[in-house]
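The structure appears right after this line, and notes come after that.
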Amino acid sequence: MTTKILAVDDSRTMRAMIQTALTDAGFDVDLAEDGIDGLDKLGGSDPDLVITDINMPRLDGFGMIEGVRERPECASLPILVLTTESGEELKQRARTAGATGWIVKPFDAEKLVAVINRLVV
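Per the numbering used here, residue 3 is the first one in the sequence shown, and the count goes up by one each step.
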């Protein structure tokens, strides 16, 4: 069974990089351009893990994380934050909202895949 990932980022370039890295590693990837789009696609996508940026228009990553966690069926869904932000207070805010992990951009594809594999076992 293929692991399904929902990746949410407002940068078209970053979405393409994530999709390439994860598809090459054998994952099934759905993409969304911001938190509202991500929450819309969440139900139909039924992912095994969500990757979200923090700084996005309409609904940021914190709102995305909170929106995922409000759904009972997503209570244990791993959520990985992938962002340029590295401040400890932002990491704590993401953890409080329900994030499982945090990776700073630019990301290393092998490390990202390794983290995903640890979280979805």
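Every residue gets a Cβ at the ideal spot worked out from N, C-alpha and C, and that includes glycine.
Tell me where the alpha helix (DSSP H) around residue i begins and ends.
i	result
I20	14–26
Is residue j closer than 8 Å to residue i when the C-beta atoms are compared?
i	j	result
A9	A111	no
G65	D55	no
I105	I7	no
M50	T102	It is worth fixing the name first, because residue 50 is Asp in this sequence and not Met. No, Cβ-Cβ distance for D50 and T102 is not below 8 Å.
V70	I53	no
D36	K43	no
F109	L92	no
P59	D11	no
A99	E68	yes
K107	T86	yes
On the DSSP letters alone, give me the boundaries of the beta strand (DSSP E) that residue i sits inside.
i	result
V122	From DSSP, V122 is part of no beta strand (DSSP E); its letter is neither H nor E.
With a cut-off of 8 Å, does the C-beta of residue i fall near any C-beta of chain C?
i	result
D39	Of the chains in the structure shown, none is chain C; there is only one protein chain.
- Task: Mind listing, in chain order, the continuous beta strand (DSSP E) runs of no fewer than 3 residues lying wholly within the segment 31–118?
- Result: 51–54, 81–85, 103–106
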